[in-house]
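To keep things clear, I will list the structure first and then write my remarks on it.
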Amino acid sequence: MPEDLRIGHGFDVHRFATGRKLILAGVEIPHGKGLVGHSDADVLLHAVMNALLGAMSEGDIGVHFPDSDPAYKGIPSTELLRRVLMLLRRRRFRVLSLDVTLVAERPKLAPFYGRMKKNLAAQMKLDAGRISVKAATAEGLGAIGAAKGIAATAVVLLGKRRSTR
Ligand code: MG
Numbered sequence: 019m020p021e022d023l024r025i026g027h028g029f030d031v032h033r034f035a036t037g038r039k040l041i042l043a044g045v046e047i048p049h050g051k052g053l054v055g056h057s058d059a060d061v062l063l064h065a066v067m068n069a070l071l072g073a074m075s076e077g078d079i080g081v082h083f084p085d086s087d088p089a090y091k092g093i094p095s096t097e098l099l100r101r102v103l104m105l106l107r108r109r110r111f112r113v114l115s116l117d118v119t120l121v122a123e124r125p126k127l128a129p130f131y132g133r134m135k136k137n138l139a140a141q142m143k144l145d146a147g148r149i150s151v152k153a154a155t156a157e158g159l160g161a162i163g164a165a166k167g168i169a170a171t172a173v174v175l176l177g178k179r180r181s182t183r
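The structure is reproduced here in structure tokens:
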């Protein structure tokens, strides 16, 4: 019997500020400024988590990890992803593929695709060939185009094991 398939889509955006580290997929990227947020503001992982939760019809990361809760202040997003993946396993889902697009005018992200993919593969226990990380610029248009922040979108395909009766 074919696996029960679910698609999820996630989006997030964070603005830049000085005095912050730029963390994407858990990888620290040298840029001289970083993204602002209640957690470490890893916009890539936030989009990935929103996609995973979306595919499970489980709301979004704001519902699961409210930024009004001091427990999540400064928390690494890798830890939040670990919790989302625990929920995924409890619900008998597995990740089949993940495709991420970052939208950033600066810095150049292509040199970091490999490390970001490797980190995601390790954390999600997923073959790197099932993961894609890529980026586009905004061609100078709007706030992202003015390099005021970074946006990320993610699409994920989940499979759910059917219960045996
Ligand atoms: Mg966020």
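According to this note's numbering, the sequence shown is numbered sequentially starting from 19.
Glycine is no exception: its CB is placed at the ideal position from the N, C-alpha and C atoms.
These numbers come from a predicted model, not from an experiment.
Boundaries of the beta strand (DSSP E) harbouring leucine 53: 51-53, taken from the DSSP string.
Rounded to the nearest whole angstrom, the CA to CA distance from glutamate 123 to lysine 136 is 23 Å.
With the rule of 3 Cβ pairs closer than 8 Å, the stretch 26-36 counts as touching the stretch 167-179.
Ordered along the chain, residues surrounding the ligand MG are Asp30, His32, Gly55, Ala59, Val61, His64 and Ile79 [Cβ under 7 Å from any heavy atom]. Contact annotation: the stretch 70-80 does not touch the stretch 32-47, with fewer than three C-beta pairs closer than 8 Å. If you compare the alpha carbons of Ala165, Ile149, Arg133 and Arg38 with that of leucine 176, the shortest gap goes to Ile149. Per the C-alpha coordinates, the member of Ala43, Arg24 and Arg38 positioned closest to glycine 132 is Ala43. Take the alpha-carbon of lysine 152 and the one of leucine 62: they are about 11 Å apart.
If you keep only unbroken alpha helix (DSSP H) runs of at least 4 residues inside the stretch 40-85, you get 61-73 and 79-82.
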